Structure formats: structure tokens, C-alpha cells
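*Asks:*
2 protein chains.
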Amino acid sequence: MTTDSEACAREVLDVVPLVMRTIRGEMRRHRGPELGVPHFRVLAFLSQNPGASLSAVAEYVGLRLPSMSTLVAGLVERGLIARCPSPTDRRRVSLALTERGEARLSQARQAALALLAQQLSALSVQEREQVVAGLAVLRAAFTSAAPPAAAPA
Amino acid sequence: MTTDSEACAREVLDVVPLVMRTIRGEMRRHRGPELGVPHFRVLAFLSQNPGASLSAVAEYVGLRLPSMSTLVAGLVERGLIARCPSPTDRRRVSLALTERGEARLSQARQAALALLAQQLSALSVQEREQVVAGLAVLRAAFTSAAPPAAAPA
DNA sequence: GCCTAATAGTTAGAGAACCGAATTATATCA
DNA sequence: TGATATAATTCGGTTCTCTAACTATTAGGC
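Line order of the protein sequences matches chains H and F.
Quick note: the first sequence uses the numbering used here, first residue 171, plus one each step.
Quick note: the second sequence uses the numbering used here, first residue 171, plus one each step.
Pasting the structure below:
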């Protein structure tokens, strides 16, 4: 029935913001106000891309450089990430999670995950399979379209 | 394989913010800065629930009453929605799209939809079916948790 | 070797978004 | 009628993000 691109896009436009709102609200409520969604995404990105530049992180998260600079400064102050100049290019900064940052990320992720899992626990096995399959397709579609990649050189 | 709640939640936590970022970025770029995502969601909700109360809209969008009050005031000022007291309960306000609001919504929706559809056009029919099925499940799961329902009276 | 242009990041200032607390107006019920 | 509850708004303050301007470093042309 609804298999054309437009119907699919309509569903995305309806559901994704809905779920996002829930994620944001629930994470805020259960994780305390110390870590917002962008913070979380920065930590997650650095977890998979240690040594990334500020620009790379900013592009991934979807923020401008000044905003990300401030956000990162806050995370450095809290001891969650380390910021040191790159040895090869001293204009650049090299960002990475500290041990405490790793722990904090894992903890926050677990909390958010638990919340989502609870929300999804009422689903049947078949329904969960449908969700996972659908999201996997979406991930591929949207990753290929906006890949910031790591710092080039 | 990956059918438990936690794996499902992990996928949601990964993919939803990714897609959301693309939606936001692309909509901003193509629609001008006059309408943000929450504005859009208000218009969409009112399109399907004309006469809804402020509370209903606020709960649907995930904002508090004061924020939604301000946001709605802006939309009223711009002539996109109409706000009049409910005849049966004069504490309530009855919100609905104006003709201009309908047009504006349709226009914005078409632009966003076109962008998403383009992004999804590379998918196969089967993949699109998977996306639609997965999102339908998610919509149900997250709607049941925060269901404002239509304005009762 | 300089001097210009380009690049990475930070700082400064402004504006928008959001929330909690307090306020107003209306409705409900004892 | 008077006490309580509900719908919405206003107020004050915090946080977030942006653009513009600035500093530091690198790369290229002469």
C-alpha cells in the first residue's frame, strides 16, 4: 500500500520529531540537567572518533563552531573530555574522552536506553523487528547523505 | 536476531537524532528561518485537530504552557492561526489554522517532504515498506505514552 | 626568506527558546 | 455563596545558538 517515497517521507516527518521530543524530555528528567542532548552526542561522537577536531564534531552535531567551542569548553571544565593542540597542526585541537567522560557517557546512555526500552517493552517481538529493520534502513539513507567523516588532514 | 527491547532502544537512540538533525538542517535551509520545527508541529497538529486547546497542543509538541502560549501568540500575530475563547468554557482558547496557515503549512510540508522523499528515493520498495512499518510501530508506542487526544469540548 | 591569503578556533554581543513561579479569569462543587 | 481546581498568560531569569570580529597558525607566491 504505502510504499512510495512521499508516503515514507510523510511518516518520517511525523514520527521522528515525536520520538525525538520524548527522548529529549525523558532524558532531561532522568539524567539531571547537567548533560543535554548535544552534549551527549558530542561524547558519543568522540567515543567513536577519538582525536577528532572541533570542526568535525561541530559538523556532526549540527552546530556552528562558536557554539561547539563553548559547549566543548564546558565539557572540558567538567573533566569529561580532553582538549589538546594537535602536534602536526597547532591551529587544530584534538578532542577525546577522558576516563570520566567514558564512564559518564556509558551511564547516560544506559539511562536513556532503559527509558526507551521500557517504552518499547510493550511491543511484540515482531513489532520490534519491524522497528529495527526500518531504522536500519533509515540510518543507511541518512548516513550516506550527510557524512562529516573524520578530520581529513 | 536483534529483537529485544534494549537492542531496539539502541537503534532508536542512534538513528532518530541522526534523522532529526537532517530534517532540521534541511528544513531551515529551504524554508527560511520564519518557521521552526515546533511551529511546524503546532500547525500540523491543528490541521488534524482544529479547535484544540493550548494545553493539548503543548502536550503534543512537548512544551510547557508558557512556552506554547508565546509560540502561539507569534503564530497568531503572523496570521497563521486563529485563537478565540471556547464558547462552552471561556477559560479555554480554541485554536485553529487560518486559510493562510493552511497554505503555509502545506507549502512548508511539501518542501520538507520533497527533501525527505529525495533522500529516500534511492531505497527499494521493500526497504520503504520496512521504514513505514517500523515508524508506524514507533508512532503507536510513543503516542500512547503522551496522548493529548483531541479537545474534548 | 617575507608577505599575502586561507584555515582553525575563540571571544563578544545579540536574539530566541524554554522553564518555574506568580497572576488572572473561569468553572465546579460542597 | 465560598473554597478549590483548571486554563491560560505574564514575568524574570537561564540557557542555547547565531553572526561578526578577532587571534593564531599554516601554506603559497614572489
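Even glycine gets a Cβ: it sits at the ideal position worked out from N, Cα and C.
This structure is a prediction, so every number in the text was calculated from the model and none was measured.
Under 8 Å, Cβ to Cβ, is there at least one residue of chain H near M238 of chain F?
*Replies:* Residue mapping note: residue 238 of chain F aligns to position 68 of the second sequence, counting from 1. Chain H contact via Cβ: absent.
*Asks:* Assuming the contact rule is C-beta atoms closer than 8 Å, H209 of chain H and L241 of chain H should be a hit. Round their C-beta distance to whole Å, please.
*Replies:* As a position in the first sequence, residue 209 of chain H is number 39, starting the count at 1. As a position in the first sequence, residue 241 of chain H is number 71, starting the count at 1. Indeed, because the Cβ distance is near 7 Å, the residues count as touching under 8 Å.
*Asks:* Of all the options F:R211, F:F312 and F:A179, which has the alpha carbon lying nearest to the alpha carbon of L233 of chain F?
*Replies:* Taking the first residue of the second sequence as position 1, residue 233 of chain F is located at position 63. L233 of chain F has its Cα closest to that of F:R211, out of F:R211, F:F312 and F:A179.
*Asks:* Are the beta-carbon atoms of V246 of chain H and P255 of chain H separated by less than 8 Å?
*Replies:* As a working note, residue 246 of chain H is residue 76 in the first sequence. As a working note, residue 255 of chain H is residue 85 in the first sequence. Result no, Cβ atoms of V246 of chain H and P255 of chain H do not sit closer than 8 Å.
*Asks:* Hey, R279 of chain H and L250 of chain H: beta-carbon distance below 8 Å or not?
*Replies:* Locating residue 279 of chain H in the first sequence gives position 109, counting from the first residue. Locating residue 250 of chain H in the first sequence gives position 80, counting from the first residue. Result no, Cβ atoms of R279 of chain H and L250 of chain H do not sit closer than 8 Å.
*Asks:* Looking only at its chain, what residues have a beta carbon closer than 8 Å to the beta carbon of L290 of chain H, apart from the 5 residues adjacent to it on each side?
*Replies:* Position 120 of the first sequence holds residue 290 of chain H. The residues are R298 and V301.
*Asks:* Which of the three DSSP states is assigned to P255 of chain H in this structure?
*Replies:* Position 85 of the first sequence holds residue 255 of chain H. DSSP places P255 of chain H in strand when its eight states are reduced to three.
*Asks:* Any C-beta of chain H within less than 9 Å: which residues of the region 266 to 280 of chain F qualify?
*Replies:* Residues passing the 9 Å Cβ filter: R279.
*Asks:* From H:V185, H:A177, H:Q218 and H:A287, pick the residue whose C-alpha is nearest to that of G271 of chain H; which is it?
*Replies:* Here residue 271 of chain H corresponds to residue number 101 of the first sequence, with the count starting at 1. Of the candidates H:V185, H:A177, H:Q218 and H:A287, the one whose C-alpha sits nearest the C-alpha of G271 of chain H is H:Q218.
*Asks:* Would you call C178 of chain H buried or exposed, if buried means 16 or more other Cβ atoms sit within 10 Å of its Cβ?
*Replies:* Sequence index remark: in the first sequence, residue 178 of chain H carries index 8 (1-based). That one is buried.
*Asks:* So which residues on chain H does Q218 of chain F lean against when the C-beta distance must stay under 9 Å?
*Replies:* As a working note, residue 218 of chain F is residue 48 in the second sequence. The premise fails here: Q218 of chain F is roughly 10 Å from chain H at the closest Cβ pair, so nothing lies under 9 Å.
*Asks:* DSSP puts S264 of chain F in a beta bridge; with which residues?
*Replies:* As a working note, residue 264 of chain F is residue 94 in the second sequence. BP columns for S264 of chain F point to F:C254.
*Asks:* So G206 of chain H contacts chain F; which residues on that side make the cut at Cβ distance below 8 Å?
*Replies:* Within the first sequence, numbered from 1, the residue matching residue 206 of chain H stands at position 36. Here the premise fails: no neighbours, minimum Cβ distance about 12 Å.
*Asks:* Assuming contact is defined by CB atoms lying nearer than 8 Å, are A281 of chain F and T268 of chain F in contact in what I supplied?
*Replies:* Mapped onto the second sequence, residue 281 of chain F falls at position 111. Mapped onto the second sequence, residue 268 of chain F falls at position 98. No, the Cβ-Cβ distance between A281 of chain F and T268 of chain F is not below 8 Å.
*Asks:* Looking at E176 of chain F: is its Cβ nearer than 8 Å to the Cβ of A287 of chain H?
*Replies:* The count along the second sequence starts at 1 and reaches residue 176 of chain F at position 6. The count along the first sequence starts at 1 and reaches residue 287 of chain H at position 117. Taking 8 Å as the Cβ cut-off, E176 of chain F and A287 of chain H qualify as a contacting pair.
*Asks:* So that I know if they touch, is there some Cβ in chain F lying closer than 8 Å to that of A303 of chain H?
*Replies:* Within the first sequence, numbered from 1, the residue matching residue 303 of chain H stands at position 133. Yes, A303 of chain H lies at the interface with chain F (some Cβ there is under 8 Å from its Cβ).
*Asks:* Give me the Cα-Cα distance between L283 of chain H and T173 of chain F, rounded to the nearest whole angstrom.
*Replies:* Here the question's residue 283 of chain H lines up with position 113 in the first sequence. Here the question's residue 173 of chain F lines up with position 3 in the second sequence. Looking at the two C-alpha atoms, the distance is approximately 15 Å.
*Asks:* Quick one: does L183 of chain F have its CB under 8 Å from some CB of chain H?
*Replies:* Position 13 of the second sequence, counted from the start, is the residue given in the question as residue 183 of chain F. With 8 Å as the cut-off, L183 of chain F counts as an interface residue toward chain H.
*Asks:* Where do the ends of the alpha helix (DSSP H) carrying T240 of chain F lie?
*Replies:* Position 70 of the second sequence, counted from the first residue, corresponds to residue 240 of chain F. Here the alpha helix (DSSP H) through T240 of chain F covers L235 to E247.
*Asks:* Apart from the five residues just before and just after D184 of chain H, which ones in its own chain have a Cβ nearer than 7 Å to its Cβ?
*Replies:* Counting from 1 along the first sequence, the entry for residue 184 of chain H is found at position 14. Closer than 7 Å at Cβ, skipping near neighbours: no residue.
*Asks:* Check whether chain H comes within 8 Å of V263 of chain F, counting only Cβ atoms and requiring the distance to be less than that.
*Replies:* Position 93 of the second sequence holds residue 263 of chain F. No, no contact with chain H.
*Asks:* Leaving out the 5 sequence neighbours to the left and right, which residues in its chain are closer than 7 Å to A323 of chain H when beta-carbon positions are compared?
*Replies:* Stepping through the first sequence from its first residue, residue 323 of chain H is reached at position 153. Note that A323 of chain H scores 26 on pLDDT, short of 50, meaning its location in the model is unreliable; the coordinates nonetheless yield the value given after this. Excluding positions up to five away in sequence, the list is empty.
*Asks:* Contact defined as beta carbons within less than 8 Å: I believe L224 of chain H pairs with M238 of chain H. What is the distance between those atoms, to the nearest angstrom?
*Replies:* If you number the first sequence from 1, residue 224 of chain H lands on position 54. If you number the first sequence from 1, residue 238 of chain H lands on position 68. Contact holds; Cβ gap of about 6 Å.
*Asks:* Can you tell which of F:E229, F:E204 and F:A306 has its C-alpha closest to the C-alpha of R248 of chain F?
*Replies:* Taking the second sequence and counting its residues from 1, one reaches residue 248 of chain F at position 78. It is F:E204.
*Asks:* Taking the beta carbon of L235 of chain F as the centre, do at least 16 other beta carbons fall within 10 Å, making it buried, or is it exposed?
*Replies:* Counted from its first residue, the second sequence places residue 235 of chain F at position 65. By the 10 Å Cβ count, L235 of chain F comes out exposed.
*Asks:* Determine the closest residue to A311 of chain F out of H:Q296, H:A292, H:L308 and H:V307, with distance taken between C-alpha atoms.
*Replies:* Within the second sequence, numbered from 1, the residue matching residue 311 of chain F stands at position 141. Out of H:Q296, H:A292, H:L308 and H:V307, H:A292 has the C-alpha closest to the C-alpha of A311 of chain F.
*Asks:* Compile a chain-ordered list of the residues in the region 242 to 259 of chain H whose CB is closer than 9 Å to at least one CB of chain F.
*Replies:* Listed by position along the chain: nothing, the set is empty.
*Asks:* Is the distance from the Cβ of V182 of chain F to the Cβ of L305 of chain H below 8 Å?
*Replies:* As a working mapping, residue 182 of chain F is identified with position 12 in the second sequence. As a working mapping, residue 305 of chain H is identified with position 135 in the first sequence. Yes, they are a contact pair.
*Asks:* Beta-carbon of A126 of chain F versus every beta-carbon of chain H: anything under 8 Å?
*Replies:* Absent from the model: residue 126 of chain F. The displayed extent of chain F is 171 to 323, so no value can be given.
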